[in-house]
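Residue numbering for the sequence shown follows the numbering used here, starting at 2 and increasing by one per position.
We treat Cβ as the ideally placed atom computed from N, Cα and C, and that holds for glycine.
Report on the following structure.
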Amino acid sequence: MCLLAVAWNTHPRWRLVMAGNRDEAHERPTAALAHWPDRPGVLAGRDLRSGGTWAGVDACGHMTVVTNVRDPRIVVPQAPSRGALAADFLGGGQSAGDYAGAVEAGAGAYAPFNLLVADTNVCEYVSNYPNPRRMPLADGIHGLSNGDLDEPWPKTLRLMRVMSDWVSSRQDEVDMLWRGLADEHLAADGDLPDTGVGLERERLLSAAFIRNPVYGTRASTIIALDHQGHGWISERRFAPDGTVLGETTLSNRLPP
């Protein structure tokens with residue numbers, strides 16, 4: 002993922018709601034959201050180059066999502082896939098707290114990342130930028146992009162406001178969230194972060210939805226899980242010109 006907003010323990014029905022966009026090179030091979038045949042109970046999209054994922058859920062009510070941290074000055078040769086950090090939590094049976102502790106202990110081996118892992122009790126944030134650290138997410142609305150948790154980048158703040166408005170509306174219909182993820186508004190130059198990639202690229206990356214023939218928004222994902230861990234995950238997939246290629250919604254409840 003490259004942008005997401007999370008409502009944790011604040012919606013009247015859903016314990017966790019996550020809405021986020023995955024931005025990636027369009028040539029990178031990817032499998033759509035599906036049940037993983039080799040990992041029973043896991044529902045996620047899959048990066049076919051590294052085998053990991055950017056966001057997913059499992060039948061136990063676990064949720065995970067990972068973003069990279071944009072800092073071109075940091076290079077970690079032969080670093081493991083950050084997508085594996087997300088994928089390895091799903092279907093593994095570990096609590097979010099135990100898994101977060103294990104990730105924190107080995108976080109230095111990875112290129113910069115942010116990771117959220119949630120179970121029916123807690124949502125943990127883990128990062129290795131600038132140093133390995135973890136903390137439980139406080140109840141409320143949170144945002145994450147390619148910087149720090151709740152860092153006030155314009156597109157992060159805009160999506161957080163959408164999530165807050167949706168929670169306040171006390172509705173289950175998520176059209177408002179899909180519209181927030183489709184927002185192509187560009188931030189003013191004076192509001193852009195300086196992550197070392199140059200002004201032109203900062204402008205391109207300042208939109209929630211990036212429409213670009215080489216690198217852009219490949220998928221939007223919404224996840225909703227109730228206090229028993231039951232819920233659903235939905236994914237919309239996009240072509241390089243921004244048109245919708247397909248949509249999938251799956252329940253994480255196993256059949257009886």
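Check, Outcome
"Check whether Gly-232 and Arg-238 have beta carbons under 8 Å apart", "no"
"In chain order, each beta strand (DSSP E) run of at least 3 residues that lies wholly inside the segment 49 to 75", "56 to 59, 64 to 69"
"Met-161 (DSSP reduced to helix, strand or coil)", "helix"
"Cβ pair Ser-234, Gly-57 closer than 8 Å", "The question names Ser, yet the displayed sequence has Ile at residue 234. In this structure, Gly-57 lies closer than 8 Å to Ile-234 by Cβ."
"Length of the line joining the Cα atoms of Thr-222 and Pro-78", "30 Å"
"For Gly-191, the nearest candidate out of Ala-35, Arg-74, Leu-200, Arg-83 (CA to CA)", "Leu-200"
"Buried or exposed by the 16-neighbour rule on C-beta atoms within 10 Å, applied to Thr-54", "buried"
"Beta carbon of Ser-82 nearer than 8 Å to that of Ser-51", "yes"
"Within the segment 118 to 167, ranges of the beta strand (DSSP E) (whole runs, at least 3 residues)", "124 to 128, 134 to 137, 141 to 145"
"Cross-strand partners of Thr-196 (DSSP beta bridge)", "For Thr-196, which the question treats as bridged, DSSP gives no partner whatsoever."
"Cutoff 7 Å; reference Pro-133; Cβ partners in own chain excluding five residues on either side", "Glu-105, Ala-108, Gly-109"
"Burial state of Thr-244, where buried means 16 or more other Cβ atoms lie within 10 Å", "exposed"
"Ala-119 vs Met-64 beta-carbon contact at 8 Å", "yes"
"Test item: CB-CB of Ser-146 and Thr-218 under 8 Å", "no"
"Residue span of the alpha helix (DSSP H) that contains Leu-178, given as start and end", "176 to 182"
"Beta-carbon proximity of Glu-236 to Gly-46, cut-off 8 Å", "yes"
"Reduced DSSP category for Asp-190 - H, G, I as helix; E, B as strand; rest coil", "helix"
"Spatial distance of Arg-202 from Ser-252 (CA atoms)", "37 Å"
"First through last residue of the beta strand (DSSP E) which encompasses Gly-21", "15 to 26"
"Proximity of Asp-184 and Phe-210 at Cβ, strictly below 8 Å", "yes"
"Per-residue DSSP class, three states only, for Val-215", "coil"
"Nearest-angstrom Cβ-Cβ length linking Gly-62 and Thr-121, presumed shorter than 8 Å", "5 Å"
"Sheet register partners of Leu-34 (DSSP bridge)", "BP columns for Leu-34 are empty, so no partner."
"Test: Asp-149 CB closer than 8 Å to a CB of chain B", "Structure shown: chain B not included; a single protein chain is present."
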